[in-house]
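A.B. asks: Using my numbering, read the sequence shown as starting at 12 and increasing by one per residue.
Note that CB positions come from ideal geometry on N, CA and C, so glycine has one too.
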Amino acid sequence: MTLADLLLGVMFVGLIAYGLFGGADFGAGIWDLLAGGTRRGARQRDLIEHSIGPVWEANHVWLIFVLVVLWTGFSPAFAAVVTTLYIPLTLAAFGMIARGAAFAFRKSISTLPMRRFLGAGFALSSLVTPYFLGAVVGGVASGRVPPGIAEGDVITSWVNPTSVLGGVMAVLVCAYLSAVFLCADAEREGAEDIVDAFRIRALGTAAVTGVAGLIGLFVLRSDAPLLWNGLTGRAAPVVGISIVAGVAAVVCLVLRRFVAARLASALAVTAILVGWAVSQYPYVLVPDMTIEEAATGRATLQAMLLALVVGAVVLVPSLVYLYLLFQRSPDTQTAEKKSGPEPSDPSAAVMS
12 MTLADLLLGV
22 MFVGLIAYGL
32 FGGADFGAGI
42 WDLLAGGTRR
52 GARQRDLIEH
62 SIGPVWEANH
72 VWLIFVLVVL
82 WTGFSPAFAA
92 VVTTLYIPLT
102 LAAFGMIARG
112 AAFAFRKSIS
122 TLPMRRFLGA
132 GFALSSLVTP
142 YFLGAVVGGV
152 ASGRVPPGIA
162 EGDVITSWVN
172 PTSVLGGVMA
182 VLVCAYLSAV
192 FLCADAEREG
202 AEDIVDAFRI
212 RALGTAAVTG
222 VAGLIGLFVL
232 RSDAPLLWNG
242 LTGRAAPVVG
252 ISIVAGVAAV
262 VCLVLRRFVA
272 ARLASALAVT
282 AILVGWAVSQ
292 YPYVLVPDMT
302 IEEAATGRAT
312 LQAMLLALVV
322 GAVVLVPSLV
332 YLYLLFQRSP
342 DTQTAEKKSG
352 PEPSDPSAAV
362 MS
C-alpha cells in the first residue's frame with residue numbers, strides 16, 4: 012500500500028462517516044417534510060428536532076474533511092470534479108445553507124406562518140441536497156469526469172441515468188437510515204406510537220430501496236459498464252455483505268431490536284460505499300486517472316497524514332463523546348442530576 016492509497020483510504024473513512032451520520036441527518040429532514048400537518052406531526056417533529064439538534068452541525072465536519080483531503084492530497088482530481096460538476100455541487104451547498112438557516116431560525120420564530128415557511132425550507136433542502144450529492148457520485152462513478160479543468164460536460168456529467176440513480180438512492184438511503192435511528196430514539200423517549208410509525212416507515216423505505224437497487228443494476232449495466240463490471244467482479248463479496256446486512260436489519264426491525272438494526276443498517280450502507288471504491292480501484296477518475304497519477308508530492312502526503320493523526324487524537328474522541336452523550340436515556344440523565352449536590356449544599360447555591 013502506497014502513501015496515496017493510505018491517504019485516500021483515510022479520506023474514504025470520512026466519506027463513510029458522512030454517509031452514515033450526515034445521511035441520517037438529511038433523512039430526518041425528509042421525515043419532517045412527511046410528518047403531516049402542524050398538529051398531527053408536532054410530536055414527530057419535536058422528536059426529530061431533539062434527535063438532530065446537538066449533532067446536525069457536527070456531521071458536516073466529515074464533508075469538510077473529505078473535501079480538504081481531496082483538495083490537498085489529490086489536487087488534479089479535485090480540480091476536475093469541482094470544475095465539471097460545479098452546478099450540482101453549488102446547488103448542494105445552497106441546500107446545506109438554506110437547511111441550516113431554516114433549522115436554526117425555526118426555533119426562535121413564534122408566528123405560525125413563518126414557522127411553516129422555515130419548516131418547509133428545512134425539509135425541502137433535506138430532500139434535494141442528498142440528491143445532488145448522489146448525482147455527483149454518479150457522475151464520477153460512471154466515468155463522466157475526465158482529467159483537466161472543466162473538460163467534462165457540465166450538464167450531462169450529472170444529468171444522466173447513473174447520476175439520477177445515485178441521487179434517488181442517496182435520498183432513499185438517507186430516509187431509511189433516519190427512520191431506523193429515530194425508532195431507537197423514540198423508544199428511548201418512551202413514545203411507543205412514534206416508534207411504530209417510524210418502524211413502518213423504515214420497513215417501507217427498505218423495500219423501496221431494495222426495488223430501486225434492483226432496477227439500478229440494469230441502469231448500471233447499460234450506462235456505466237465499467238462500474239457494473241467492478242460491482243459484479245472484484246466488489247461482488249462486498250455487495251453480498253451489504254445485501255446480507257440489509258436483510259438482517261429488516262429482521263431486527265421486525266423483532267423490534269432497534270440498536271441491532273442500527274448496526275446492521277450502518278454496515279449495509281458502509282458496504283455499498285466500500286463496494287463502489289473497490290469496483291473502481293485503482294482509479295480516482297474512471298477510466299483515465301489512477302490514484303498515483305492524482306496524488307500530489309510525497310512530502311505533501313506525509314505532512315497530510317501527520318496532520319490527520321494529530322487532529323484525530325482531538326477530534327475523534329470529542330465526536331464520539333458528543334454522540335454518546337445524547338444517546339443516554341432520560342432516566343440516566345435524571346439519575347445523574349439527582350446524584351449531584353443537594354440544594355442545601357452551599358456549593359450548589361454557588362453553582363446555580
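Taking W73 and Y29 to be in contact with their CB atoms under 8 Å, please state how far apart those CB atoms are, rounded to whole angstroms.
C.D. replies: Translated into the one-based positions of the sequence shown, residue 73 becomes position 62. Translated into the one-based positions of the sequence shown, residue 29 becomes position 18. Right, the Cβ-Cβ distance comes to about 4 Å (below 8 Å), so this counts as a contact.
A.B. asks: Measuring CB atoms only, is the segment 162-179 touching the segment 76-84, in the sense that at least three cross pairs come out at less than 8 Å?
C.D. replies: no
A.B. asks: Look at the alpha carbon of A282 and the alpha carbon of A259, and state the distance between them as a whole number of angstroms.
C.D. replies: Residue 282 sits at position 271 when you count from the first residue of the sequence shown. Residue 259 sits at position 248 when you count from the first residue of the sequence shown. Approximately 14 Å between the Cα atoms of the pair.
A.B. asks: I'd like to check one pair, I41 with C185: are the Cβ atoms closer than 8 Å?
C.D. replies: Numbered from its first residue, the sequence shown carries residue 185 at position 174. Numbered from its first residue, the sequence shown carries residue 41 at position 30. Yes, these two residues count as a Cβ contact at 8 Å.
A.B. asks: Please report how far the alpha carbon of L238 lies from the alpha carbon of I211, in whole angstroms.
C.D. replies: Taking the sequence shown and counting its residues from 1, one reaches residue 238 at position 227. Taking the sequence shown and counting its residues from 1, one reaches residue 211 at position 200. Rounded to whole angstroms, the gap between the alpha carbons of L238 and I211 is 33 Å.
A.B. asks: Assuming L193 contacts L333 (C-beta within less than 8 Å), just tell me the rounded distance between them.
C.D. replies: Translated into the one-based positions of the sequence shown, residue 193 becomes position 182. Translated into the one-based positions of the sequence shown, residue 333 becomes position 322. In fact, because the Cβ distance is near 18 Å, the residues do not count as touching under 8 Å.
A.B. asks: Cutting at 7 Å between CB atoms, please list the residues of its own chain near T216, excluding the five before and the five after it.
C.D. replies: The residue labelled residue 216 in the question sits at position 205 within the sequence shown. L183, A186, Y187, A190, listed in sequence order.
A.B. asks: Should the segment 291-299 be regarded as contacting the segment 267-276, the criterion being three or more beta carbon pairs within less than 8 Å?
C.D. replies: no
A.B. asks: How is V295 classed by DSSP in three states: helix, strand or coil?
C.D. replies: Here residue 295 refers to the residue found at position 284 of the sequence shown. Looking at V295 - three-state DSSP - the assignment turns out to be strand.
A.B. asks: So what does T301 bridge to, in DSSP terms?
C.D. replies: Translated into positions along the sequence shown, residue 301 becomes position 290. Answer is Y294, bridged to T301.
A.B. asks: Go to S189, then tell me how far its alpha helix (DSSP H) extends in each direction, as first and last residue.
C.D. replies: Stepping through the sequence shown from its first residue, residue 189 is reached at position 178. Taken as a continuous stretch (DSSP letters only), the alpha helix (DSSP H) holding S189 covers 172-200.
A.B. asks: Give the single residue among G241, V331, I166 whose Cα lies nearest to the Cα of V297.
C.D. replies: For the purposes of this step, residue 297 is identified with residue 286 of the sequence shown, where counting begins at 1. Nearest option by C-alpha distance: G241.
A.B. asks: Closest by CA to A152, which one among V21, E303, A88, R126?
C.D. replies: Within the sequence shown, the letter at position 141 stands for residue 152. That would be A88, whose Cα lies nearest to the Cα of A152.
A.B. asks: Looking at the structure shown, is L284 part of a helix, part of a strand, or coil, going by DSSP?
C.D. replies: Numbered from its first residue, the sequence shown carries residue 284 at position 273. Three-state result, L284: helix.
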